[in-house]
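Asker: Residue numbers (the numbering used here): 4 to 352.
Note that the Cβ used here is the ideal one computed from N, Cα and C, for glycine as well.
This one's a predicted model, so the numbers in the text were calculated from it and none came from an experiment.
Before I ask anything, here is the structure I am working with.
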Ligand code: MG
């Protein structure tokens, strides 16, 4: 089967610039991909590389798609696998959407449509801004019903952030949990200082304390996971399928933060994690509703333990028509299925 290929690049201002240890992100760039059969059955995917994670940029994704042209066959799609996780992932998602719809069309008269995704609500972790701004935002999120939070750390002096940590924890009701994400900002000494402080506090996990390219990063992270009670989570260390394989091979005892949009063949990687009974947190790569829908569909198909979804990032864009599901502490398959990729596509004309 050959499909018509079209794509539209975007550069969308964020409602609030996102500050992490990687720097300040005022806009998000990516490319939306559309595949279409001759009969007009369409599927959408999104290449949403994250600065600080992927080695490829949105411009790289666009340039690669331009070399493919206006039509794509399975062989060409497969060849993209070794060239770009993000583009390959986007094509895969769009292709499976087309296949699903074709299947539905052929079986619609026989049986009603059944939703393979679990319909039970899944808790969502709210993303808090870095620094003191977290204190101002947490109350509103608590009011909305959020009980799991993620706070970006590693953007200021350790001593200052440790004071803020206690201020923030003091605002949380009992039973609420906090995830910390350093985005690879620390060295060994800073990491150990934080882990000592976290030991007797309700920290669900500490994400990526050191950068994956630090010397002997893998050994150091594995050692820390043994030495401290607070679970560690890998995020920047897991950019593609190979990284996930490597850490599964090492028997990583901590959490895997999985951004399905960045994995290339997300279904294949996630099934390997499931087989290994890995502890997985599904997480946003700051996609539009197109990529969010694909990523959340992968999450909702997960049969392992349900850790709060790292998708509490909305409202994200200045123009809300690009956003994923509304801001809510729980998410259901119906919320995801309500997202209309076509609307995002049309808004980019
Ligand atoms: Mg992270």
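#1: For the ligand MG, is there any heavy atom lying closer than 7 Å to the beta carbon of residue 210?
#2: Quick check on residue 350: does DSSP put it in helix, strand or coil?
#3: Which two residues bound the contiguous beta strand (DSSP E) that contains residue 35?
#4: Spatial neighbours of residue 27 within its chain, please: C-beta separation below 7 Å, excluding the five flanking residues on both sides.
#5: Would you decide whether residue 2 is buried or exposed? Buried here means 16 or more other CB atoms lie within 10 Å of its CB.
#6: Going by the C-beta, is residue 186 closer than 7 Å to any heavy atom of the ligand MG?
#7: Using 10 angstroms around the beta-carbon of residue 329, count the other beta-carbons present and answer buried if the total reaches 16, otherwise exposed.
#8: Suppose only complete runs of 3+ residues qualify. What are the beta strand (DSSP E) ranges in the stretch 61-124, listed by chain order?
#9: Is residue 261 closer than 8 Å to residue 284 when the C-beta atoms are compared?
#10: For a test of your reading of the model: does the CB of residue 260 fall under 7 Å from any non-hydrogen atom of the ligand MG? Yes or no.
#11: With distances taken from CA atoms, which of 254, 190, 131, 350 is nearest residue 313?
#12: Judging by CA-CA distance, which residue of 280, 279, 298 is the nearest neighbour of residue 3?
#13: Excluding the 5 residues preceding and the 5 following residue 162 in the sequence, name in chain order all residues of the same chain whose CB lies nearer than 8 Å to its CB.
#14: How long is the line joining the alpha carbons of residue 30 and residue 12, rounded to whole angstroms?
#15: Could you check how far apart the C-beta atoms of residue 265 and residue 8 are, in whole angstroms? I think they sit under 8 Å.
Answerer: Taking the coordinates as given:
#1: Within the chain shown, numbered from 1, the residue matching residue 210 stands at position 207. True, at least one ligand heavy atom lies under 7 Å from that Cβ.
#2: Here residue 350 corresponds to residue number 347 of the chain shown, with the count starting at 1. DSSP places residue 350 in helix when its eight states are reduced to three.
#3: Counted from its first residue, the chain shown places residue 35 at position 32. That run of the beta strand (DSSP E) goes 26-39.
#4: Along the chain shown, one-based indexing puts residue 27 at 24. Result list for residue 27: 20, in chain order.
#5: Lying before the first or after the last residue shown, residue 2 is absent from the chain, which here runs from 4 to 352.
#6: On the chain shown, position 183 is the one that residue 186 refers to. Yes.
#7: Walking along the chain shown from the start, residue 329 turns up at place 326. Exposed.
#8: Within the stretch 61-124, no complete beta strand (DSSP E) run reaches 3 residues.
#9: Position 281 of the chain shown holds residue 284. Position 258 of the chain shown holds residue 261. Yes, these two residues count as a Cβ contact at 8 Å.
#10: For the purposes of this step, residue 260 is taken as the residue at position 257 of the chain shown. It does: the Cβ of residue 260 is within 7 Å (strictly closer) of some heavy atom of the ligand MG.
#11: Counting from 1 along the chain shown, the entry for residue 313 is found at position 310. Ranking 254, 190, 131, 350 by Cα distance to residue 313 puts 131 first.
#12: One cannot answer for residue 3 here, as it falls past the ends of the chain, which runs 4 to 352.
#13: Along the chain shown, read from residue 1 onward, the residue named residue 162 stands at position 159. Hits under 8 Å: none found.
#14: Residue 30 sits at position 27 when you count from the first residue of the chain shown. Residue 12 sits at position 9 when you count from the first residue of the chain shown. About 13 Å.
#15: Sequence index remark: in the chain shown, residue 265 carries index 262 (1-based). Sequence index remark: in the chain shown, residue 8 carries index 5 (1-based). About 21 Å; that fails the 8 Å criterion.
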